[in-house]
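Visitor:
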Amino acid sequence: MMINLRSFKQKVRYHKKSLKSFLTKLEKNPPKGLHKLIDQVDKEVWAETECLSCGNCCKTMTPTFSVKDIKRISAHFNQTPTEFKEKWLFYDKKDKDWQNKKQPCQFLNLKDNKCSIYAIRPDDCAGFPHLTKRKTVEYIDVHKQNIQYCPATFKMVEKMKNLIG
Ligand code: SF4
Ligand code: SF4
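Numbered according to the working numbering, the sequence shown spans residues 19 to 183.
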């Protein structure tokens, strides 16, 4: 399904608070069989979500780049890791990781929302939005942030709330 980011932002404005308090409840008291339920909801979410009509994660957020990511991607561009970092990244002292200087991400093709380094993109991008992570409860804070930017995360939390909220 195509994503309309304008109506998504409106939905976020109206429902952000209730979805966040649902996530807080889930964190404190995760029900039995939570992962099974998430796997089921995850399938539904992706059947209804067309990321290429959105790209909002690459437009508005930054991935974190691990040392391995930096080595792999810089080699692809015939750069040293230091050159790559100087050109594109900064070190976030608070989070202790390497992040993009720019948003949208320099590797996003804004015409079709495709990643120009898809095959070698950072692991963080490959795993985003981390919906089926086994340690769901540890990702609650991440989801609380991401419901504001990622329609797939928003949909997952909304569906979970309808089922068990
Ligand atoms: S590296 Fe690719 S997938 Fe990751 S944020 Fe940039 S454009 Fe998006
Ligand atoms: S992962 Fe979320 S924010 Fe990124 S393109 Fe897909 S729906 Fe949009």
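Backbone N, C-alpha and C define an ideal beta-carbon position, used for all residues, glycine too.
Just the C-alpha distance for residue 48 and residue 31, rounded to the nearest angstrom, thanks.
Guide: Roughly 26 Å separates the two Cα atoms.
Visitor: Return helix, strand or coil for residue 142, following the three-state DSSP convention.
Guide: If DSSP states are grouped into helix, strand and coil, residue 142 belongs with the helices.
Visitor: If we count the other Cβ atoms within 10 Å of its Cβ and call it buried at 16 or more, is residue 102 buried or exposed?
Guide: Result: buried.
Visitor: For the region 79-137, list the alpha helix (DSSP H) runs that are entirely contained and at least 4 residues long, ordered along the chain.
Guide: For the region 79-137, whole alpha helix (DSSP H) runs of length 4 or above, ordered along the chain, are 85-94, 99-106.
Visitor: Around the C-beta of residue 159, are 16 or more other C-beta atoms found within 10 angstroms, so that it is buried, or is it exposed?
Guide: Classification for residue 159: exposed.
Visitor: Using 8 Å as the cut-off, can you tell me whether the region 108-128 makes contact with the region 170-178, which would need three or more C-beta pairs spanning the two stretches below that distance?
Guide: Segments in contact, no.
Visitor: Work out the CA separation of residue 96 and residue 180 for me, nearest whole Å.
Guide: In a straight line, the C-alpha of residue 180 is about 49 Å away from that of residue 96.
Visitor: Is it the case that the region 102-120 contacts the region 48-59, given that we only count it when at least three CB pairs across the two stretches are under 8 Å?
Guide: No contact exists between the region 48-59 and the region 102-120.
Visitor: Mind the definition here: the region 66-73 touches the region 129-149 only if three or more C-beta pairs lie below 8 Å; say whether that holds.
Guide: Taking 8 Å as the limit for Cβ pairs, the verdict is that the region 129-149 does touch the region 66-73.
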